[in-house]
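One structure is given below, encoded as structure tokens.
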Amino acid sequence: MADIDASAPAETGGGTGQLSPVARALLSNEFGLIVLVLVFAWIFTGISPAFMSKFSVYALGRTAAIDIMIGFSMMVVIITGGLNLSVGAIGVCAAMTAGWLMQAFGLPWIPAIFGGIAMGAALGAVNGLLIVRTGLHSFIITLATMSIFYGVMIFLTQAESFREIDAAFAGFGRLKLAEGYLSPLLVVSVVVAVLLVALFRFTALGREMLAAGANPRAAELSGIRVDRMIAYCHVLSGALAAVAGVMLVARNGAAIPSMAGDVGQNWLLPAFLGPVLGGTLLTGGRISVLGTLLGALLVTLLNSGLLLMQVGAFWIQTYLGLLLLAAVLMDMARRRYLARRKLV
Amino acid sequence: MIRTLLQTDWFGPLLVTVAGIAVVTVFSPNFLSPYNVQILLLAISANAMIAFSQMIIIAIGQMNLSVGAIGGLAAIAFAGMMEVWGIPWPLAAVLALGIGLLAGFANGVLVAVTGISAFVITLATLSAYKGMNLGITEAQPFYQIPEIVKTLGNETFLGPLPWLVIPAVLVTVLLWYLLFRLPLGRAILAVGGNPHAAELSGISVSRIVVVAHAISGLLAALGGIMFVGRLQQGNPSIGDGWLILSFAAPVIGGALLSGGHVSVAGTLIGVVIVAIITQVLAVFSIDPFLVQVLLGLLILWAVGLNRLREVHAQRQAAAAARPA
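Protein chains in written order, with this note's numbering: chain B, 1 to 344; chain H, 1001 to 1324.
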């Protein structure tokens, strides 16, 4: 299971002991998501065989890759029981930084995207420091910084795009792997997912982050510097949002200031859909990297399936909103069911 | 006297406002010209509805991300009913208000029944309502707005006072009366202050949550309708940029995001401050993009200040409790 829970070691001796590992896996959120992804893929293919065509699968993976990354960027702050409204603003700022480095200085793409990611991490650090130093809730701090980051970016760029992107980078975004089915962007997302699992499972830093989110007071007493962990989570969130922004540049072949909507708020829904569908607790301390990945994949799948069925592109947003509602309601029902049957 | 005034939420921001107006008028005497005042009042009237819509939810210690989406949906419903069905404007306005009320009611019921955080619920309904807006309009504005609506949305009835000031003043007074003079208002603030204690003292918390969200939806819809008059079209993008303003004004006015403490006058002054800043940038032809930055900085400044006042009040209470 990819569930990463700060209290996992203590749990194994508890009420779950009566269940075999297989039964636990079948009851998990991730298994449910895999089933849903397969069922919907099967339904959509039944309606229109073009759904499984080379181009359709490729485009799906490319879109999913970016939504997965946006979901990760929110997930790592949800760990702390906080949230980060500025993911969209940071993502666009990072993308514009990378675009500017390539256009104005003719930098090759690798140093340019590292410049963008460094910008994202720095903006995340600003969030983290403000939250830790003032003791105010991350909601209001990141609401303010989303406005500030986006405003400064629009002011500096005068809302102009950077279109002279390194050809090798745009080429990377268009590259087709595995006989044309696989976008390299999806590979990047999967690699990042593996790195995140490694961080939270196998490193002391990741475990301390989770512990700080699960129970700040207990973590503080056991010698973890909770404030520092919260700040680190925001730096990581900024860097991941930057990766998503840079991936969007690779896909579009240009760095466009409006690509995440006004003040970057168009990223908010995908940012929460992935983690919430994936079973991340909004109160902190428990995340699922695989769940977030599958959640984002499911959303992209439904999105393109609905477009394929020609339900009207304008209504998509309504369905996504209702999907988030359905997801949280189902998750609540599932947890109540499990609690009643004393399965967890 | 000064001490008591300083302890209110609205006095500090009011001083800032008056000082700001004085400084700006010295540099640009035109600033208080009747035309400029009319423009300012128009912006303040409509924006006050947005701020109040969020303020009532902050009062119960929650947040409503869907304020802009509800306002936008009501706006295009108002314009669309007049253009497509030829419904007279007062009836269309009432129906649009009803849509806002219903949308807010749905938010409230979902939050109260499921117990899921209002953040997630209103993020989902934000998307649902905005999607309905786009689905109905296909992103095209409704342009056929009756002349009377355009007049009411822009013209003045007395000196520099625009018609839109009338509903804004009415709502401000009614909201103040509701929150600070009626038992319902006291219940709303009690739920925000401490839901558990409120429940124990016989208040139905879920009923109050539903009522507060319904009022929020109603006020957002009123804001949307006022914007249709001002812009002279039912634009689907109405409501898109409301989120930050809706939080900025109440927190400048001293509202605590943890709930239970809001100020109607303070929120109104918060709206005035934001309107003046926007206007000043225009008067001195400073880049309008900087409004975003200033709004963000204002929020940080205001929440920081509220936090300091909170700490100060706690210290004083602790000092008073200590035996002499």
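Virtual Cβ for every residue (Gly too), placed ideally from N, Cα, C.
Asked	Found
Proximity of H/G1072 and H/N1133 at Cβ, strictly below 7 Å	yes
C-alpha distance - B/M74 paired with B/L269, whole-angstrom precision	10 Å
Cutoff 7 Å: B/A2 Cβ touching any chain H Cβ	Confidence in B/A2 is poor, its pLDDT being 48 and thus under 50, which makes the residue's placement unreliable; the coordinate value appears in the next sentence. No, B/A2 lies away from the interface with chain H (no Cβ there is under 7 Å from its Cβ).
Minimum Cβ-Cβ distance from H/V1303 to chain B less than 7 Å	yes
Where B/M96 meets chain H, residues with beta-carbon distance less than 9 Å	Simply none; closest approach about 13 Å.
Identity of the residue in B/T63, B/A59 and B/E30 nearest B/H244 by Cα	According to the sequence shown, residue 244 of chain B is Ala rather than His. Of the candidates B/T63, B/A59 and B/E30, the one whose C-alpha sits nearest the C-alpha of B/A244 is B/T63.
In chain order, each alpha helix (DSSP H) run of at least 4 residues that lies wholly inside the stretch 187-259 of chain B	204-214, 216-221 and 226-252
Interface residues of chain B facing H/S1117 [CB-CB closer than 8 Å]	L282
Within 9 Å of chain B by C-beta, residues of the stretch 1098-1128 of chain H in sequence order	L1110, T1114, G1115, I1116, S1117, F1119, V1120, I1121, L1123, A1124, T1125, L1126, S1127 and A1128
From B/T203, B/F149, B/V35 and B/D331, residue whose alpha carbon lies closest to that of B/A122	B/F149
Buried versus exposed, by CB contacts within 10 Å (16 or more), H/I1299	buried
Simplified DSSP assignment, three categories, for H/R1307	helix
CB contact below 7 Å: H/F1142 versus chain B	no
C-beta neighbour in chain B for H/Q1292, strict 7 Å	yes
Under 9 Å by beta carbon: chain H residues contacting B/V197	What B/V197 touches in chain H: nothing, since even the nearest Cβ is about 25 Å away.
Sequence-distant residues of the same chain with beta carbon closer than 8 Å to B/P9, five excluded per side	Confidence is the limiting factor: at B/P9 the pLDDT is only 41, short of 50, which leaves the residue's position unreliable and the question unanswerable from this model.
Residue from B/A198, B/L199, B/A98 and B/G173 with nearest C-alpha to B/V187	B/G173
CB contact below 7 Å: H/M1132 versus chain B	yes
Closest Cα partner of H/T1176 within the set H/A1248, H/H1261 and H/F1119	Sequence inspection shows Trp at residue 1176 of chain H; the Thr mentioned does not correspond to that position. It is H/H1261.
Beta-carbon proximity check, B/T80 vs B/G213, cutoff 7 Å	yes
Rounded straight-line distance, which links the Cα of B/N84 to that of B/S189	20 Å
Beta carbon of H/P1288 nearer than 7 Å to that of H/L1297	no
Nearest-angstrom beta carbon gap, B/M102 and B/I165 [assumed within contact, 8 Å]	6 Å
Distance CB(H/A1214)-CB(H/L1101) smaller than 7 Å	yes
Against chain B: residues of the stretch 1227-1240 of chain H by CB proximity under 8 Å	D1240
B/M1 versus B/L221 - alpha carbon distance	Residue placement at B/M1 is flagged as unreliable, the pLDDT there being 40, under the threshold of 50; the coordinate-derived value follows with that caveat. Straight-line Cα distance between these residues: approximately 29 Å.
B/G82 Cβ short of 6 Å to the ligand NAD heavy atom set	The ligand NAD is absent from the structure shown, which contains no ligands of any kind.
Any C-beta of chain H under 7 Å from that of B/D262	yes
Three-state secondary structure assigned by DSSP to H/P1236	coil
Same chain, Cβ closer than 6 Å to H/S1028, neighbours up to 5 away in sequence not counted	V1283
Backbone secondary structure at B/L324 - three-state DSSP	helix
Residues in the stretch 302-322 of chain B having any Cβ partner in chain H nearer than 8 Å	G312, F314, W315, I316, Q317, T318, Y319, L320, G321 and L322
Chain B contact residues for H/D1009, given Cβ-Cβ distances below 9 Å	Per Cβ cutoff of 9 Å: no residues; H/D1009 is ~17 Å from chain B at best.
Under 7 Å by beta carbon: chain H residues contacting B/H234	What B/H234 touches in chain H: nothing, since even the nearest Cβ is about 15 Å away.
Whole runs of the alpha helix (DSSP H) within the stretch 34-90 of chain B, excluding any shorter than 4 residues	54-78
Closest by C-alpha distance to H/V1067, when choosing among H/L1231, H/D1240 and H/L1152	H/D1240
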